[in-house]
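Below: the structure, in structure tokens.
Protein chains: 2
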Amino acid sequence: MSNESASSREPPDTREEIMHATYNALHKHGYAGLSISRIAEEGDFSKSTFYHHFDDKDDILLSFADFIILQFEQGLDRESTRGPIEELYLFMNFALGNHPLAEGRPDAVERMGVWIELRSQSIHDPAFAEKFTETTDKYVEHLTGIIADGIEQGVFNDVDARKTAIYLLTTVDGAILQVTTRTDDLRPVVWEHMNEYIKDYVIRGDIDLDELPFDAEFELSAGTE
Amino acid sequence: MSNESASSREPPDTREEIMHATYNALHKHGYAGLSISRIAEEGDFSKSTFYHHFDDKDDILLSFADFIILQFEQGLDRESTRGPIEELYLFMNFALGNHPLAEGRPDAVERMGVWIELRSQSIHDPAFAEKFTETTDKYVEHLTGIIADGIEQGVFNDVDARKTAIYLLTTVDGAILQVTTRTDDLRPVVWEHMNEYIKDYVIRGDIDLDELPFDAEFELSAGTE
Chain L
1 MSNESASSRE
11 PPDTREEIMH
21 ATYNALHKHG
31 YAGLSISRIA
41 EEGDFSKSTF
51 YHHFDDKDDI
61 LLSFADFIIL
71 QFEQGLDRES
81 TRGPIEELYL
91 FMNFALGNHP
101 LAEGRPDAVE
111 RMGVWIELRS
121 QSIHDPAFAE
131 KFTETTDKYV
141 EHLTGIIADG
151 IEQGVFNDVD
161 ARKTAIYLLT
171 TVDGAILQVT
181 TRTDDLRPVV
191 WEHMNEYIKD
201 YVIRGDIDLD
211 ELPFDAEFEL
221 SAGTE
Chain X
1 MSNESASSRE
11 PPDTREEIMH
21 ATYNALHKHG
31 YAGLSISRIA
41 EEGDFSKSTF
51 YHHFDDKDDI
61 LLSFADFIIL
71 QFEQGLDRES
81 TRGPIEELYL
91 FMNFALGNHP
101 LAEGRPDAVE
111 RMGVWIELRS
121 QSIHDPAFAE
131 KFTETTDKYV
141 EHLTGIIADG
151 IEQGVFNDVD
161 ARKTAIYLLT
171 TVDGAILQVT
181 TRTDDLRPVV
191 WEHMNEYIKD
201 YVIRGDIDLD
211 ELPFDAEFEL
221 SAGTE
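Just so you know, the sequences run in chain order L and X. The first sequence begins at 1 in the UniProt record's numbering and counts up one residue at a time. The second sequence begins at 1 in the UniProt record's numbering and counts up one residue at a time.
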């Protein structure tokens with residue numbers, strides 16, 4: 001999307017403003033309660049400005065799906081200076097909502113709620129199903145890459161990188177569904193067992209995690225509870 | 001619910017007919033596209049009959065959540081004649097949508113779609129969040145009971161039964177979210193790794209699963225793809 005550096009421009013990009021208003025309207029009212037009027041209420045633009053950019057609710061929501069997917073993807077940077085073990089732990093923290101870039105951004109659980117809300121539209125809309133299949137595949141590919149690098153560098157066991165990535169991300173999807181639809185937060189329990197799995201199956205047995213220069217744990221960030 | 005044995009009565013229970021019509025309307029149109037007219041279209045009753053039983057869309061949907069939760073719970077019977085290992089595999093198959101009672105009932109993935117659709121209302125509606133927390137806790141309790149029995153009978157390792165149940169059911173939740181919102185079905189891959197976890201962590205190492213009188217596998221039933 002070309003709006004990426006819009007914050008440095010004057011005046012602010014209208015499309016991006018509509019996206020932020022859509023986020024707020026979706027967070028407040030959900031998909032079922034969403035209307036163009038409610039989106040316009042959240043931003044400093046009129047309904048006619050909206051219709052200049054988008055045809056209808058479905059049109060904006062598919063573009064909005066791209067927008068939030070891009071926001072999540074911005075957290076997916078990889079730095080070769082980090083080893084695969086640190087990359088793996090950073091990624092798992094990111095996926096479970098402990099985002100190192102979260103400062104000043106909406107609460108992780110709030111963002112996950114908007115994500116689940118949009119993703120569940122896939123149940124009735126093949127266009128959403130295709131978009132979210134493509135997106136969640138990017139996460140699978142990213143994690144597969146980390147695991148494959150770890151195998152190549154001899155710090156991970158010789159697991160099936162792609163299947164292991166799918167398995168871990170399925171559990172992450174479940175944790176996200178739970179934290180957005182239950183009244184409590186089971187992520188610490190889930191992480192405890194997931195970390196056991198990672199340490200026993202993925203990371204080579206003779207590597208001492210206590211000797212690594214980072215904490216191989218999941219910590220709920222301050223803004224997530 | 002007192003409607004349980006309604007099928008043997010004459011005339012058929014109107015509330016139950018409204019529930020089945022709601023299922024069909026929700027499956028076809030989703031929560032956002034649902035209306036009382038569309039529910040009435042799916043059944044042999046008028047809008048005024050509907051309003052005799054329910055106040056509005058939210059009122060029917062909370063009752064409907066109870067109705068489908070009850071349907072899922074009917075699969076949760078336990079028979080003491082089965083050992084904990086067989087109970088565990090039956091439960092995992094059931095949870096992943098391979099329902100032994102599925103014959104003549106709606107497709108498992110279709111039912112999961114309706115379940116996710118309703119469950120995602122919890123994001124904006126605390127009444128739904130409380131209902132689905134209570135329900136998903138029943139699954140946790142059920143699986144915790146199976147694991148605790150297995151530990152007591154010496155066929156499972158001395159794991160934390162409740163945390164292990166939460167971990168396994170989180171992965172199941174993820175698999176359900178995926179199969180209802182992606183264009184493909186990752187459950188066989190997820191099951192492969194989940195079964196490894198069960199065999200290595202939960203079931204005692206010296207037990208030979210090949211010698212058990214049932215198949216310790218997950219099979220997609222004919223109606224699920």
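Every residue gets a Cβ at the ideal spot worked out from N, C-alpha and C, and that includes glycine.
- Taking a cut-off of 8 Å for Cβ pairs, the segment 59 to 73 of chain X and the segment 148 to 163 of chain L do not touch, as fewer than three such pairs fall below it.
- At a cut-off of 8 Å, the C-beta of L/G113 has a neighbouring C-beta in chain X.
- Against chain L, the beta carbon of X/I151 has no neighbour under 9 Å; the closest one sits roughly 16 Å away.
- Under the three-state reduction of DSSP output, L/F54 falls in the coil class, being neither helix nor strand.
- Per DSSP, reduced to three states, the secondary structure at L/I203 is strand.
- For X/S122, the CB contacts under 6 Å within the same chain, skipping 5 residues up- and downstream, are F128, A129, F132 in chain order.
- Counting only runs of 4 or more residues that sit fully inside the segment 54 to 138 of chain X, the alpha helix (DSSP H) segments are 57 to 73, 84 to 95, 108 to 119, in chain order.
- Going by C-alpha positions, X/T22 is about 14 Å away from X/E110.
- A Cβ of chain L is located within less than 8 Å of the beta carbon of X/K163.
- Taking one beta carbon from each stretch, the segment 152 to 159 of chain X and the segment 167 to 182 of chain X have fewer than 3 pairs nearer than 8 Å; the two do not touch.
- Under the DSSP assignment, L/D173 falls in the alpha helix (DSSP H) whose first and last residues are 161 to 181.
- Against chain X, the CB of L/R15 has no partner CB under 8 Å away; the residue lies outside that interface.
- With fewer than 16 other Cβ atoms inside 10 Å of its own Cβ, X/E211 counts as exposed.
- Distance from L/I85 to L/G43 at the Cβ level is roughly 43 Å; contact not present, criterion being Cβ atoms closer than 8 Å.
- Taking a Cβ-Cβ threshold of 8 Å, the residues of chain X close to L/E130 are T183, in chain order.
- Against chain L, the CB of X/E41 has no partner CB under 8 Å away; the residue lies outside that interface.
- Going by beta carbons, L/G30 and X/H124 fall inside the 8 Å limit.
- Chain-ordered, the chain L residues with CB closer than 7 Å to the CB of X/I123 read G30, G113, I116, E117, T180, T181.
- For L/L26, the enclosing alpha helix (DSSP H) has its first and last residue at 14 to 29.
- Take X/Q178, set aside five residues on each side of it, and the residues of its chain with a beta-carbon closer than 7 Å to its own are L186, in chain order.
- A check of alpha carbon separations from X/P188 across X/E219, X/E87, X/H53 identifies X/E219 as the nearest.
- When the alpha-carbon of X/E141 is set against those of X/L118, X/I116, X/Q153, X/Y167, the nearest one is in X/Y167.
- Membership of X/I39 in the alpha helix (DSSP H) is indicated by the continuous run 36 to 42.
- Look at X/V190: its C-beta is under 8 Å from a C-beta on chain L.
- The Cβ atoms of X/I116 and X/T183 do not sit closer than 8 Å to each other.
- One finds I116, R119, S120, T170, D173, G174, I176, L177 in chain X with Cβ atoms closer than 9 Å to the Cβ of L/L177, taken in chain order.
- The beta carbon of X/I176 sits closer than 6 Å to those of M112, all from its chain and outside the five residues before and after it, given in chain order.
- Residue environment: X/H52 is assigned as exposed (fewer than 16 neighbouring CB atoms within 10 Å of its CB, all protein chains considered).
- Annotation: X/A32 to L/S48 spans about 24 Å, alpha carbon to alpha carbon.
- Annotation: the continuous alpha helix (DSSP H) that includes L/E192 extends over 187 to 197.
- Taking the C-beta atoms as reference points, X/V155 is found no nearer than 8 Å to X/I198.
- Contacts between X/I166 and chain L, judged by CB atoms closer than 7 Å, involve L186, V189, V190 in chain order.
- Here the C-alpha atom of X/E17 lies approximately 32 Å from the C-alpha atom of X/L143.
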